[in-house]
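Take the sequence shown: its position 164, counting from 1, is numbered 164 in the UniProt record's numbering, and each next residue is one higher. Even for Gly, the Cβ is constructed at its ideal location relative to N, Cα and C. Reading through the structure tokens given below for one structure.
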Amino acid sequence: MGGRIVSSLLGKLEKNRTPILLAEIGAYLHDLGKARKQFIDCFAKESSSCRDDHNFPSSFPDDLRIKLKEIRVKICNEEVSLFDFIEKHHDRKENGTRFKDCEIPPQIRLLYADWNGYDGMDSGMDKGVVSSNSKQSKDYTFIATTFGYEPKENKIEDVTNLTKELYNLVKDKLSDYKNNKIDIKQLRSNIIKDTKKHYLKFLGETRRPANDVTLWDHSYSVATLFKCAVAKNILDCSNSSFDPLDFSWKILSADFNALSILGKGIKIGDILGYKKKIEDAFDKVKEIVEEEYPLGNEIYRDNSGIYLLIPDIEIKELKELTISRLIEIEPELMPEITVKEIFNLQSSNYKFDCKNQPQIPGDIKGQRRNFENDKKRSLLKILPEAREITLQEVSYPSSSERFFSEKFMDDWSDKEVCPICRLRPMKENSEGCKHCLDRRVRRAKNWIKDYPKQTIWLDEVSDHNDRIVLLTGCFVLDNWLDGSLIRTMAIKNNALTSKNPSPARIRRCWETTQEFIKSTIFANILSNFTYGKESLNLELRNKRIQFKLDQKPKIMEGATCDVDLKGIRLSPACIDKNSGTFISTINLQILEKWGYIVGGQKGRILDAKPADEKFQEYLPYVQIYDSPDQFMAIVPAYDALDIAAKIVEEYEIQFSKVRDRLPFHIGIIAFHRRIPLYVAMDAGKKLIDAFKKSKEIEASVVSPPQEIDTNIDTAYKKFGHKVIKLKLITNPSYSSVPLEWVVSCSTGDPVQDDEWHPYLRYSGRNSNRGNYSFDYGNGNYVVHVKKLQLNDCIKIEGSYFKLAYLENAAERFKVDEKLRSLGDVKRLDELWNDVACILKSKNLGISQMYAFWHEVMKRYEDYKGDSVWQDFVKSSLMNKLRLCPEKDKELFDKLFQATKDCLLDLCLNWNLKVRKLKP
């Protein structure tokens, strides 16, 4: 089919919105019959014989089936019902016979596996050659992550009510559409968006390890490919085709240098305002391409860009429209709209037209299968290649073509440059231009109205020592998004074969890391953390006071004003303009420390009292952003290391089977609450850039892997019923101490080990470990963790950690130096406990610890850590800390190593100077 479409692209897409979106809905519903208990039970290992009936009419309630049959979809004079997508996408008929290839309606051929349709293309890649003896038990059927994690909450229980709810939702929304109560865009939203929570609870394939792709991931991927095909057909029906192999794709992306934009904010409200504008921009691109001018679907989004799959057509008109819409949202964004094409594969050997035969001949099927495989490979490359290109091109600002200067040509007479946007004029001595201040106030008003249990104020996040942390985290997903590392996992547990990186499985990869960030980090750890534990006046930590001021400021609701109480500056926020009521926006522990609390400033602060209940018990952290590969949050410095430790602990559990090749980095950048926020944001951006440059490292197994039954040793119960403990040594520049890893070999089923996921990349030729080793590409081998041996050398991707305190703005330029191994998060916690233990058991004072610390660090500078210095450290450990190398050997060796690799310096500086603890 030709690449250029004549006539108005946008006009045709708008005019044909209804058939395109109905076709997408039909493709999305094609496996609706799998959302039933019968489908799960049919493929359980206890079932000796069962007929897969998920596409049979009798599998659906009469009223739902009738509605699906009533709604027709017409594409280029080829018409089917929504139920045809379900019933005819497989060759099996309910009466026991089978459809001939040419009996399949043309539209449905775009789905049909024997026509190399998109259902078969995606599910075939998902399943690969999954073994028939890998069925799950009926009582232990789990949905796994792509990385093999099967937590208890992923167990599929009785789904009868869930199925009923899903079927009723589909039926009711189809009825509403049929009765003109909702339009086609609302129907699409109701069907595809509102059923997602149901689809995520079901599997398209129940056998391990193909149980990592949910019904949602598969159905959405199939619907996207189908939508691209029908949209291209409708744009030029004279050249339409219903052969799925006739279509190719492009990536349309809208990208911004998001961290640079967010980093312009002076206050949290500025950053959150910019964040909202970026989200609005992404949502607008999605709305334009998916619904307003339906051409394709979003397939990936992170904090810098949104990527949509579209057909291979000329889209200049669409790009121009998209840019104009984004400028209306925020002209500062300056979007980079790019299009990445798949190399257009050429072949004619696959053609078949049904004129003389009812069935596709075997030789042509073979040729079609080969061409389909070529299509799959090109499809897998398109997203990572598009991301690589766009991330190189996006900078801020990168070109005058994307800088619309007319948007910033306001009256500049007697004006200054706004310090926030740095583009618009503002009045002298103002905090910012009207545009930026309005955006800031809008965030505050939204907070008052909708989110009073959260905070948008740095002073509230601050701990009782006036210190804050920018917490950053980062996954490196590149080799998962291109599918190469998916191949390091097995699809069969005998005659091993690599897992296939299907579009749905790749989607599942980044959805898993995104869910970890959204649910585990933000919704669980940060939202349930006990902040300020054991600090003074803990009862005030999450409290607010409200009051009135003697001189009523004339400010808007949501705005703040500065109040100086004998050197202590407050910035209360106005929550009621009419009554002049303000609310505190500072950690009350800070005020208590200085003696200023409720009633402490009579004459200036009036009617002071505890704030209304809705403002109490706020959570003292701010989510800056989250995306599949990274996040930023602002948390109290006092709690930051404990929070990081909990995050690392969960990472090690949920990603234990792939921690060697899915690195996770975490950074703690502390600063005083009076340090400008943009300084910390700039440091965070610099640190994330450094994390993404992490390199592959070789590690050696230094002790025989230890297999542990967690039913006996319950310390590792969170990892499942069976784990392997590994002890690895690496280059000292990465870790000065051996890495001690716990790798799960468990599934959710207590009697089934994981034979498919916990493989490590072997450094060398074939390891000859039988069915527990295989070539995952180009002569590179992986070995199952339980078959690793002493002195084996493996490849790992380093995971890094950074702990820093910015004394001043200039120190942000060094934040990417001296990164440490992620394992040092745990070492720091243990080391501080050891310090406390030494002081207590040896009856030492904190001054003696300070003396030891200062002396060894001073000598370190003099001797650069040579053998003379090391002898001095040993002597100081014995004389100043009273540690005996023989009697206290384990503790002595730990303190010596921590002093030698500067971890002790980091530990003491953090706990004594930043957290201001007294052990």
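What are the start and end residues of the alpha helix (DSSP H) that includes residue i?
{"i": "Q897", "result": "889-900"}
{"i": "F801", "result": "Careful: F801 lies outside any alpha helix (DSSP H), inside the beta strand (DSSP E) at 800-806."}
{"i": "Q514", "result": "503-515"}
{"i": "P384", "result": "362-393"}
{"i": "F226", "result": "215-235"}
{"i": "M426", "result": "Looking at the DSSP string, M426 is not in any alpha helix (DSSP H); the run it does join, the beta strand (DSSP E), is 425-427."}
{"i": "L906", "result": "903-908"}
{"i": "F655", "result": "Per DSSP, F655 belongs to no alpha helix (DSSP H) and is neither H nor E."}
{"i": "Y850", "result": "846-863"}
{"i": "Y678", "result": "677-691"}
Identify which residue in the options has its Cα closest to the Cα of residue i.
{"i": "S137", "options": "D122, E157, T145", "result": "E157"}
{"i": "R661", "options": "S484, K201, H435, L22", "result": "S484"}
{"i": "G265", "options": "E817, L877, L437", "result": "L437"}
{"i": "S47", "options": "N133, K69, S656", "result": "N133"}
{"i": "Y118", "options": "T97, L496, V230", "result": "V230"}
{"i": "L166", "options": "R915, I191, D642, I86", "result": "I191"}
{"i": "P452", "options": "N524, A573, S378", "result": "A573"}
{"i": "F83", "options": "Q107, R98, G96, N778", "result": "Q107"}
{"i": "D607", "options": "P553, A35, E292, F582", "result": "F582"}
{"i": "D466", "options": "A670, S733, F691, A559", "result": "A670"}
{"i": "D363", "options": "S59, K69, D114", "result": "D114"}
{"i": "K173", "options": "V159, D194, T160", "result": "D194"}
{"i": "C18", "options": "R72, R544, K45", "result": "Sequence check: residue 18 is Thr here, not Cys. Looking at the Cα atoms, R72 is the closest of the given residues."}
{"i": "R505", "options": "K15, E740, I299, N446", "result": "I299"}
Note the first and the last residue of the continuous beta strand (DSSP E) segment covering residue i.
{"i": "residue 939", "result": "Lying before the first or after the last residue shown, residue 939 is absent from the chain, which here runs from 1 to 919."}
{"i": "N297", "result": "297-301"}
{"i": "A254", "result": "249-255"}
{"i": "L570", "result": "568-570"}
{"i": "G305", "result": "305-311"}
{"i": "H672", "result": "664-672"}
{"i": "E613", "result": "Segment: none, E613 is in no beta strand (DSSP E) and carries neither H nor E."}
{"i": "residue 938", "result": "The displayed coordinates of the chain run from 1 to 919. Any statement about residue 938 would go beyond what the structure contains."}
{"i": "C574", "result": "573-576"}
Measure the CB-CB distance between residue i and residue j and report whether it falls below 7 Å.
{"i": "I729", "j": "V702", "result": "yes"}
{"i": "I329", "j": "A254", "result": "no"}
{"i": "C237", "j": "C76", "result": "yes"}
{"i": "I668", "j": "A645", "result": "no"}
{"i": "S700", "j": "C793", "result": "yes"}
{"i": "L383", "j": "L481", "result": "yes"}
{"i": "S744", "j": "F774", "result": "no"}
{"i": "G798", "j": "I688", "result": "no"}
{"i": "W216", "j": "L309", "result": "no"}
{"i": "W832", "j": "N911", "result": "yes"}
{"i": "H89", "j": "L111", "result": "yes"}
{"i": "Y776", "j": "S498", "result": "yes"}
{"i": "E393", "j": "T585", "result": "no"}
{"i": "G263", "j": "D682", "result": "yes"}
{"i": "V914", "j": "Y805", "result": "yes"}
{"i": "V441", "j": "A258", "result": "no"}
If residue i and residue j are in contact, beta carbons under 8 Å, what's the gap, nearest whole angstrom?
{"i": "K185", "j": "G296", "result": "Actually they are not in contact, since the Cβ atoms of K185 and G296 sit about 16 Å apart, beyond 8 Å."}
{"i": "N537", "j": "E592", "result": "5 Å"}
{"i": "M849", "j": "V868", "result": "Contact flag wrong, Cβ pair sits at about 23 Å."}
{"i": "I673", "j": "L458", "result": "With the sequence shown as reference, residue 673 is identified as Arg, and Ile is not the correct amino acid for it. Indeed they touch by this definition, with Cβ atoms about 6 Å apart."}
{"i": "S694", "j": "H721", "result": "S694 to H721, Cβ: 32 Å. No contact."}
{"i": "S502", "j": "D122", "result": "5 Å"}
{"i": "H757", "j": "F147", "result": "7 Å"}
{"i": "I271", "j": "I624", "result": "6 Å"}
On the DSSP bridge list, what partners appear for residue i?
{"i": "I634", "result": "L470, V622"}
{"i": "H784", "result": "Y759"}
{"i": "A35", "result": "Answer is none; A35 lacks a bridge partner."}
{"i": "L21", "result": "In DSSP, L21 forms no bridge with anything."}
{"i": "V80", "result": "V73"}
{"i": "T97", "result": "T97 pairs with nothing; no bridge assigned."}
{"i": "A490", "result": "S498"}
{"i": "A699", "result": "I794"}
{"i": "K725", "result": "Q706, V742"}
{"i": "G777", "result": "N780"}
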